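Mapped onto the UniProt record's numbering, the consecutive letters of the sequence shown carry residue numbers 1 to 126. Let me begin by presenting the structure, written as structure tokens, before commenting on it.
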Amino acid sequence: MAGRGFAPLSLEEARCPVCSEILLEPVTMPCGHSVCLHCFQRTVKLTSLCCPLCRLRVSSWARKQSREKSLVNAELWELIRLSHPERCRRRMEQRDGQTADGGSWGSTDYIIMSLKSLFTLRQIAA
């Protein structure tokens, strides 16, 4: 894939539908949806083992992939890094400055994710 003839992904194709940032270590679920590894782990931690977009249950698949240490879609990740190296570098630097619960102080995406989580929990409780 790292050869010369790769077709670069557009920024829209390389964007996580959960956090709206560039996909960082993308996880592609059986339903075909891809999200950042961080977004996948956060979704699993806060809700259940379901796709955050279509709600397809992915528990068996996730356990198997975790055992095989292959949650990250390596081909897609390589294509994203080749297509958007600067954005990936900045996002990885941002990730390295995160808080213990996965958020980055002052980070807009962390605030949005926290609000989405709170809204989801309120919907469940209602």
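No residue lacks a Cβ here, since even glycine has one placed at the ideal position from N, Cα and C. None of these values were measured; they are calculated from a predicted model.
Residue i classed as buried or exposed, judged by whether at least 16 other C-beta atoms fall within 10 angstroms
i	result
Ser20	exposed
Ser34	buried
Glu68	exposed
Met92	exposed
Arg15	buried
Arg55	exposed
For residue i, three-class secondary structure by DSSP
i	result
Gln34	Looking at the sequence shown, residue 34 is not Gln but Ser. Ser34 falls in the strand class under three-state DSSP.
Val44	helix
Cys50	strand
Pro8	coil
Leu23	coil
Neighbour flag for residue i against chain D, beta carbons, 7 Å
i	result
Pro26	Annotation note: the requested chain D is absent from the structure, which comprises a single protein chain.
Whole-number beta carbon distance between residue j and residue i, since they are thought to touch under 8 Å
i	j	result
Ile80	Leu11	Between Leu11 and Ile80 the Cβ distance is about 10 Å, and since that is not below 8 Å, they are no contact.
His38	Arg90	Contact flag wrong, Cβ pair sits at about 15 Å.
Pro17	Trp61	Actually they do not touch by this definition, with Cβ atoms about 18 Å apart.
Ser59	Leu49	4 Å
Cutoff 6 Å; reference residue i; Cβ partners in own chain excluding five residues on either side
i	result
Phe40	Val27
Gln65	Leu71
Arg87	Ile22
residue 130	This structure gives no information on residue 130, because the portion of the chain shown stretches from 1 to 126.
Residues near residue i by beta carbon distance below 7 Å, same chain, minus five either side
i	result
Phe6	Leu79 and Leu82
Glu25	Cys36, Leu37, Val72 and Trp77
Cys51	Met29, Cys31, His33 and Val58
Leu53	Pro17 and His33
> Fully enclosed by the segment 50-99, which alpha helix (DSSP H) runs are 4 residues long or longer?
Replying inline: 59-67, 74-83 and 85-96
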